[in-house]
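Colleague: Residue numbering for the sequence shown is 1430 to 1608, as defined by the numbering used here. Think of the CB as a built atom: it goes at the ideal place given N, C-alpha and C, for glycine as much as any other residue. Have a look at this one.
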Amino acid sequence: TTPWCSIRRACQKLRIGRSRANHPPERASPMLHLINTLLPALSLTVTKPSPSLAPIEVVNAQLEALSAGDVQRCFEFASPANKQQTGPWQKFEMMVRQTPAYAPLVSCSSFEVTSALSLTADRYQARVAIKPAGSSSAPFAVAEVQKLYTWMLSQQSEGEFEGCWMVDGVMPTAPTRED
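As structure tokens, then:
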């Protein structure tokens, strides 16, 4: 097996059991930290949805696109329902770049998926911390406040994207005591 297959299996193992209502997502596991470290290092650019992608790979694909300033590639992973509300991609790009809550995602200096949770067989949630552009990732740098977001995904059941995990929404998230 290739390293990519091993990482995909690890991603699939992270699909934590079903959630009960109002329970917070679990904290990042050592395996999730390893995946966050390895995926960017592989330099594999995922450019479009595929049924072979695990939910966390879709989140990482969107984050890679956003950190590169490529909002159009990010829009490729939006679910059809999301695209209906926010599209076409030019409108989506304007919304992301000009809305204060979402602008920090574009060209962010770093990102980390801090937790991931399978809500049902076809719903998934991931929590992400980003450092806005201009902030340093150096170990002893003065830290700019991290921005937190929750990614909501669903597995498509019909149409062109049947079987693909796609993003239904991204919401800014208030920090918790654990953050």
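1) Quick one: grab the DSSP three-state call for Leu-1534.
2) Taking the alpha carbon of Thr-1543 as the reference point, which residue from Thr-1602, Asp-1597, Tyr-1531 and Glu-1587 has its own alpha carbon closest?
3) Rounded to the nearest angstrom, what separates Val-1535 and Gln-1501 at their Cα positions?
4) Over what stretch of residues does the beta strand (DSSP E) that includes Lys-1560 continue unbroken?
5) What's the call for Pro-1453, buried or exposed, on a 16-neighbour Cβ count within 10 Å?
6) Since Thr-1528 is in the alpha helix (DSSP H), which residue starts that stretch and which ends it?
7) Taking Cys-1503 as the reference, which of Ala-1483, Gly-1563, Lys-1477 and Ala-1510 has the closest Cα?
8) Put Phe-1540 into one of helix, strand or coil per three-state DSSP.
9) Alpha carbon to alpha carbon, how far is Phe-1590 from Pro-1509?
10) Apply the 10 Å Cβ neighbour rule to Ala-1587 and answer buried if 16 or more other Cβ atoms are within range, or exposed otherwise.
11) Between Lys-1576 and Pro-1517, how many whole angstroms is the CB-CB distance? I'm expecting something under 8 Å.
12) Please classify Val-1475: is it buried, with 16 or more other beta-carbons within 10 angstroms of its beta-carbon, or exposed?
13) Here's a check: name, in chain order, each residue in its chain whose Cβ is nearer than 6 Å to the Cβ of Cys-1593, leaving out the five neighbours to either side.
Modeller: The structure says:
1) helix
2) The shortest Cα separation from Thr-1543 among Thr-1602, Asp-1597, Tyr-1531 and Glu-1587 belongs to Thr-1602.
3) In this model, Val-1535 and Gln-1501 are separated by some 11 Å (Cα to Cα).
4) 1552-1560
5) Any reading at Pro-1453 must be qualified, since the residue scores a pLDDT of 41, below 50, and its modelled position is unreliable; the value itself is stated next. The residue in question, Pro-1453, is exposed, as its Cβ has fewer than 16 Cβ neighbours within 10 Å.
6) It is not in any alpha helix (DSSP H) - Thr-1528 carries neither H nor E in the DSSP assignment.
7) Lys-1477
8) strand
9) 9 Å
10) Residue identity differs from the one stated: residue 1587 is Glu in this sequence, not Ala. Glu-1587 counts as exposed, since fewer than 16 other beta carbons sit within 10 angstroms of its beta carbon.
11) No, Lys-1576 and Pro-1517 are not in contact; Cβ-Cβ is about 26 Å, not under 8 Å.
12) buried
13) Only Pro-1478, Pro-1480 and Gln-1585 meet the Cβ criterion.
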